[in-house]
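The block underneath contains the structure these notes are about, expressed in structure tokens.
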Amino acid sequence: MSTGPTGLSRGVLAGRGALLFSLAVLAVLAYAAYEINTGFTTRARLFANAITVPALVLAAFQVAREARRVIPLPVPSEAVVSRSAFIWAIAFFVSMWTIGLQLTIPLFALVYLRLAAGEAWPKAAAYAAIAWLFVELTFVQTLHIPLPAGAIPLPAITN
Amino acid sequence: MSYHSPPAGHGRGIIDVFFGSLITVLQWPTAGLLVLGVGIGFVVGILPGLGGAVTLALLLPFIYDMDPIPAFAFLLGMHAVVATTGDITSVLFGIPGEGTAVATIFDGHPMAKRGEAGRALGAVLTSSLVGAVIGAAVLAISVPIMRPLVLSFGPPEFFMLAMLGITFVVALAGGNLVRGFLMAFLGFLIAMVGLDPFTGKPRFAFGQLYLWDGLSIIPVILGLFAVPETLQLMSTHAAIAQGATGPITRVMDGILDTFRHWSVTLRCSAIGVFIGLIPGMGGATAQFIAYAHAQQTSKTPEEFGRGSIEGVLAAGSVNNSKEGGALIPTVAFGVPGSTAMAILLGAFLILGVVPGPQMLTKHLDITFSMVWVIVISNVLAVALSFLFLRQLVSLTFIKGTWLVPFLLVLMTLGAYTTHSDVLDVVVMIVFGAVGWCAVRFGWPRAPFLLAFVLGPTAERYLFLSHQLYEWGFLLRPITLALIGIALLGVGYSIRRERADRRSRVPAQGAAA
Numbered sequence: 001m002s003t004g005p006t007g008l009s010r011g012v013l014a015g016r017g018a019l020l021f022s023l024a025v026l027a028v029l030a031y032a033a034y035e036i037n038t039g040f041t042t043r044a045r046l047f048a049n050a051i052t053v054p055a056l057v058l059a060a061f062q063v064a065r066e067a068r069r070v071i072p073l074p075v076p077s078e079a080v081v082s083r084s085a086f087i088w089a090i091a092f093f094v095s096m097w098t099i100g101l102q103l104t105i106p107l108f109a110l111v112y113l114r115l116a117a118g119e120a121w122p123k124a125a126a127y128a129a130i131a132w133l134f135v136e137l138t139f140v141q142t143l144h145i146p147l148p149a150g151a152i153p154l155p156a157i158t159n
Numbered sequence: 001m002s003y004h005s006p007p008a009g010h011g012r013g014i015i016d017v018f019f020g021s022l023i024t025v026l027q028w029p030t031a032g033l034l035v036l037g038v039g040i041g042f043v044v045g046i047l048p049g050l051g052g053a054v055t056l057a058l059l060l061p062f063i064y065d066m067d068p069i070p071a072f073a074f075l076l077g078m079h080a081v082v083a084t085t086g087d088i089t090s091v092l093f094g095i096p097g098e099g100t101a102v103a104t105i106f107d108g109h110p111m112a113k114r115g116e117a118g119r120a121l122g123a124v125l126t127s128s129l130v131g132a133v134i135g136a137a138v139l140a141i142s143v144p145i146m147r148p149l150v151l152s153f154g155p156p157e158f159f160m161l162a163m164l165g166i167t168f169v170v171a172l173a174g175g176n177l178v179r180g181f182l183m184a185f186l187g188f189l190i191a192m193v194g195l196d197p198f199t200g201k202p203r204f205a206f207g208q209l210y211l212w213d214g215l216s217i218i219p220v221i222l223g224l225f226a227v228p229e230t231l232q233l234m235s236t237h238a239a240i241a242q243g244a245t246g247p248i249t250r251v252m253d254g255i256l257d258t259f260r261h262w263s264v265t266l267r268c269s270a271i272g273v274f275i276g277l278i279p280g281m282g283g284a285t286a287q288f289i290a291y292a293h294a295q296q297t298s299k300t301p302e303e304f305g306r307g308s309i310e311g312v313l314a315a316g317s318v319n320n321s322k323e324g325g326a327l328i329p330t331v332a333f334g335v336p337g338s339t340a341m342a343i344l345l346g347a348f349l350i351l352g353v354v355p356g357p358q359m360l361t362k363h364l365d366i367t368f369s370m371v372w373v374i375v376i377s378n379v380l381a382v383a384l385s386f387l388f389l390r391q392l393v394s395l396t397f398i399k400g401t402w403l404v405p406f407l408l409v410l411m412t413l414g415a416y417t418t419h420s421d422v423l424d425v426v427v428m429i430v431f432g433a434v435g436w437c438a439v440r441f442g443w444p445r446a447p448f449l450l451a452f453v454l455g456p457t458a459e460r461y462l463f464l465s466h467q468l469y470e471w472g473f474l475l476r477p478i479t480l481a482l483i484g485i486a487l488l489g490v491g492y493s494i495r496r497e498r499a500d501r502r503s504r505v506p507a508q509g510a511a512a
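Protein chains in written order, with the working numbering: chain A, 1 to 159; chain B, 1 to 512.
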């Protein structure tokens with residue numbers, strides 16, 4: 001673990017994150033227990049209570065353990081995700097929501113491969129075209145699956 | 001949707017069904033889908049950052065309109081060969097294509113470095129094939145043995161088996177016991193979303209009509225597993241292979257080594273089958289147990305880790321034999337022992353096939369077709385590996401970033417096609433966040449998935465057990481035995497956690 005200021009602050013954040021996640025789990029379980037025990041018959045809540053009662057005990061224990069933890073747990077290598085990765089993923093879904101998947105596929109492929117992967121424009125453009133063609137031929141033409149449309153209507157482009 | 005197999009048992013003996021299943025698997029379109037699945041598994045095994053379980057999840061949306069046998073030929077064909085080609089990168093570059101191919105590095109890569117890459121590949125691929133055939137044979141042989149046992153079980157036993165499966169996955173999959181059980185409880189809770197099966201009243205639906213049908217398995221699985229892996233892939237820009245490989249020669253020597261050291265191959269295959277049977281142990285554990293066994297019983301243990309052919313054979317044979325073993329509890333009891341098997345169980349539910357006694361009676365043809373799919377897909381994979389070894393190696397030079405746009409599209413479409421509803425994509429994103437938090441803070445995802453898949457079945461069996469016997473169902477002999485085994489599993493895990501903690505304390509003290 002890094003001992004520099006950046007590493008330390010990251011470690012503290014990771015420790016708080018683990019506690020927050022445990023608290024969120026406890027809150028979800030508490031809500032579930034409340035809802036099940038206020039609106040269901042005894043028979044209907046049999047399984048739910050068999051789950052939520054021991055789960056609440058364990059979640060409270062886990063929260064207490066995280067609160068007492070002084071040294072944050074090391075971050076596993078498979079969980080190391082760069083900030084740019086999150087931004088690109090969010091950009092993909094926002095684009096899908098606004099302009100629809102049909103336009104997002106080539107647009108995202110082109111921009112991502114050029115800017116994030118550093119590929120040359122012709123390579124990125126070729127990939128974008130192939131990706132669009134693959135989805136169009138496989139899903140739209142062959143499997144007849146309509147692609148999610150965007151919130152902004154773009155009939156002139158997509159039709 | 002429900003599937004009706006041709007009648008088994010009335011005029012059709014087990015042997016007839018067994019060979020009839022082979023003919024079905026070889027017919028169109030099943031054979032074509034099997035080849036397609038093998039092709040995908042081939043590439044997935046060798047590519048960086050893309051696991052077999054994630055690919056299974058990505059392929060689930062494609063099986064909606066398929067019959068069960070073609071669907072399993074496609075899915076199992078893909079899954080059965082992932083570990084086989086995963087060994088290739090372990091040998092050539094010292095980087096496992098799959099988590100289950102780590103032990104292959106210990107001796108396979110040193111062999112490659114001293115110019116025996118071809119021999120190591122010949123040995124690991126052939127022993128993988130032998131292991132797969134042994135695993136499939138055990139699955140086939142287990143059918144007549146398991147049938148009377150499974151048919152004697154009632155709701156209490158099936159309920160306890162589901163609990164036992166989850167307990168084992170939590171206890172043996174590593175990580176923290178409390179977090180593991182909490183993830184399982186959360187999985188059960190998420191499985192309860194929707195209309196209550198007994199009163200018809202919405203549970204945890206928040207007034208949303210979308211939630212009345214419950215959450216679909218595909219967006220949940222894609223979110224939990226595919227989203228975190230894709231995010232990680234987006235963060236690593238490098239290709240798996242950085243340099244050129246040496247010449248690949250003496251492949252035939254490696255093939256013959258498998259049979260020269262037949263005892264190691266057979267024993268490690270048997271270890272794979274046995275470990276595959278136990279929920280939660282998984283391939284990652286099996287490979288090290290088999291490797292350690294091969295070293296302990298070898299006449300030249302000092303060569304292990306320096307390029308021992310026996311080490312390569314041990315890792316190769318255990319890799320694929322575990323699949324046949326893992327399918328036994330999945331098919332016979334509906335209790336999957338690993339993430340991949342839980343996803344496969346999800347496929348059963350999508351196809352309208354209920355795992356359990358019917359898989360050994362009414363749907364025996366599906367069970368036997370799985371046996372043939374494992375065998376045929378591995379024969380195909382090994383034959384193609386030998387034919388296109390050089391071309392396969394060139395795949396490892398693909399950068400992770402090239403896969404990203406394709407994976408994002410496939411994930412989104414996979415989730416969306418569940419109901420052609422954007423809310424399914426939202427569910428995937430929500431569970432993607434949960435999956436990433438789980439990986440980040442060390443909460444295991446497999447118990448969550450297993451509980452989510454088993455939730456409705458477990459609830460039904462608990463309800464029936466309580467209706468039939470009140471709480472007395474917990475005192476039935478088999479139920480008591482299963483409770484005892486579950487407690488042993490938990491006890492073992494607690495002991496292991498304490499031992500780990502004790503060993504960490506002196507290490508930290510020394511470091512300080």
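Even glycine gets a Cβ: it sits at the ideal position worked out from N, Cα and C.
Asked: Do Thr89 (chain B) and Ile46 (chain B) come within 8 Å of each other at the CB atom, strictly closer than that value?; Found: yes
Asked: Using the C-alpha atoms, what's the distance from Leu26 (chain A) back to Met252 (chain B)?; Found: 58 Å
Asked: Out of B:Leu151, B:Gly435, B:Pro456, B:Val490, which has the shortest C-alpha to C-alpha gap to Gln358 (chain B)?; Found: B:Leu151
Asked: Alpha carbon to alpha carbon, how far is Pro534 (chain B) from Glu35 (chain A)?; Found: Because chain B in this structure spans residues 1 to 512, residue 534 (chain B) falls outside the shown range and cannot be described.
Asked: When Cβ atoms are compared, which residues of the stretch 400-418 of chain B fall closer than 8 Å to chain A?; Found: Thr401, Trp402, Val404, Pro405, Phe406, Leu408, Val409, Thr412, Leu413, Tyr416, Thr417
Asked: Per the contact definition of three or more C-beta pairs closer than 8 Å, is the stretch 202-219 of chain B in contact with the stretch 423-440 of chain B?; Found: yes
Asked: Below 8 Å, can you find three or more Cβ-Cβ pairs linking the stretch 113-123 of chain B to the stretch 254-262 of chain B?; Found: yes
Asked: Could you name the residues of the stretch 175-188 of chain B whose beta carbon sits closer than 7 Å to any beta carbon of chain A, in the order they occur along the chain?; Found: Val178, Arg179, Phe181, Leu182, Phe185, Leu186, Phe188
Asked: Reducing DSSP to helix, strand and coil, say where Lys399 (chain B) ends up.; Found: strand
Asked: Among the candidates B:Phe19, B:Pro447, B:Ile398, B:Thr167, whose CA atom is the shortest distance from the CA of Tyr492 (chain B)?; Found: B:Thr167
Asked: Using CA coordinates, which residue listed in B:Gly20, B:Val178, B:Leu75, B:Gly432 is at the minimum distance from Ser22 (chain A)?; Found: B:Val178
Asked: For Leu277 (chain B) and Ile105 (chain A), what's the separation of their Cα atoms in angstroms?; Found: 42 Å
Asked: Since Glu459 (chain B) meets chain A, which of its residues come closer than 8 Å, beta carbon to beta carbon?; Found: Phe47
Asked: Are the beta-carbon atoms of Ala67 (chain A) and Leu19 (chain A) separated by less than 8 Å?; Found: yes
Asked: What are the start and end residues of the alpha helix (DSSP H) that includes Thr126 (chain B)?; Found: 117-151
Asked: Give me the subset of the stretch 68-92 of chain A whose CB atoms are less than 8 Å from a CB atom of chain B, sorted by chain position.; Found: Leu73, Val75, Pro76, Glu78, Ala79, Val80, Val81, Ser82, Ser84, Ala85, Phe86, Trp88, Ala89, Phe92
Asked: Our contact map puts Gly513 (chain B) next to Ser269 (chain B) with C-beta atoms below 8 Å; I'd like the distance itself, whole angstroms only.; Found: Here chain B comprises residues numbered 1 to 512, so residue 513 (chain B) is not present and cannot be evaluated.
Asked: Whole angstroms are fine: how far does the CA of Phe288 (chain B) sit from the CA of Tyr127 (chain A)?; Found: 41 Å
Asked: Between the stretch 435-454 of chain B and the stretch 330-343 of chain B, do three or more beta carbon pairs fall short of 8 Å?; Found: yes
Asked: Cβ atoms of Thr55 (chain B) and Met78 (chain B): under 8 Å apart, would you say?; Found: yes
Asked: Could you check where the alpha helix (DSSP H) with Lys113 (chain B) kicks off and where it finishes?; Found: 103-113
Asked: Do Val193 (chain B) and Phe185 (chain B) have their beta-carbon atoms positioned less than 8 Å apart in this structure?; Found: no
Asked: Would you report the Cα separation of Val375 (chain B) and Val133 (chain B), rounded to the nearest angstrom?; Found: 5 Å
Asked: So for Arg203 (chain B), helix, strand or coil by DSSP?; Found: strand
Asked: What is the C-beta distance between Leu59 (chain B) and Leu75 (chain B), in whole angstroms, given that I count them as a contact (C-beta under 8 Å)?; Found: 6 Å
Asked: Assign Arg45 (chain A) to buried or exposed, taking buried as 16 or more other Cβ atoms, counted over all protein chains shown, within 10 Å of its Cβ.; Found: buried
Asked: Please go through the same chain and pick out, in chain order, the residues whose beta-carbon is closer than 8 Å to the beta-carbon of Leu413 (chain B), but skip the five residues on each side of it.; Found: Pro61
Asked: Could you tell me whether the Cβ of Asp213 (chain B) comes closer than 8 Å to any Cβ of chain A?; Found: no
Asked: Does the CB of Ser90 (chain B) have a neighbour CB from chain A at under 8 Å?; Found: no
Asked: Quick one, are the C-beta atoms of Val430 (chain B) and Pro228 (chain B) less than 8 Å apart?; Found: no
Asked: With a cut-off of 8 Å, do at least 3 Cβ pairs link the stretch 463-481 of chain B to the stretch 71-87 of chain A?; Found: no
Asked: Quick check: the stretch 105-120 of chain A against the stretch 401-408 of chain B, are at least 3 beta-carbon pairs closer than 8 Å?; Found: yes
Asked: State buried or exposed for Thr41 (chain A), treating a residue as buried only when at least 16 other CB atoms are found within 10 Å of its CB.; Found: exposed
Asked: Rounded to a whole number of angstroms, what is the C-alpha to C-alpha distance between Val38 (chain B) and Leu380 (chain B)?; Found: 8 Å
Asked: For the stretch 343-363 of chain B and the stretch 464-475 of chain B, state whether three or more C-beta atom pairs, one from each stretch, are separated by less than 8 Å.; Found: no
Asked: So for Leu351 (chain B), helix, strand or coil by DSSP?; Found: coil
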